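Trainee: Numbering (the working numbering), first residue to last: 14 to 51. Quick reminder that beta carbons are idealized off the backbone N, C-alpha and C, glycines included. If you're wondering where the values come from, they're calculated on a predicted model, not measured in any experiment.
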């Protein structure tokens, strides 16, 4: 799924998206670090 998402990002020429594979219960990011996550 991440490969498909990366291809779409590149097709659209988007620059402000980073894909990360991680355990959803152990995401190690500070609060207010994201506008949206799936």
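(1) Near residue 19, what residues of its chain come up, given a Cβ to Cβ distance below 8 Å and the 5 sequence neighbours on each side ignored?
(2) In chain order, what residues of the same chain lie with their CB nearer than 8 Å to the CB of residue 22, ignoring the 5 residues before and after it?
(3) Could you give the distance in angstroms between the alpha-carbon of residue 43 and the alpha-carbon of residue 25?
(4) Below 8 Å on the Cβ atoms is my contact criterion, and I expect residue 34 with residue 15 to pass it. Report the Cβ-Cβ distance as a whole number of Å.
Mentor: Considering the structure as presented:
(1) 32
(2) 30 and 32
(3) 28 Å
(4) 6 Å
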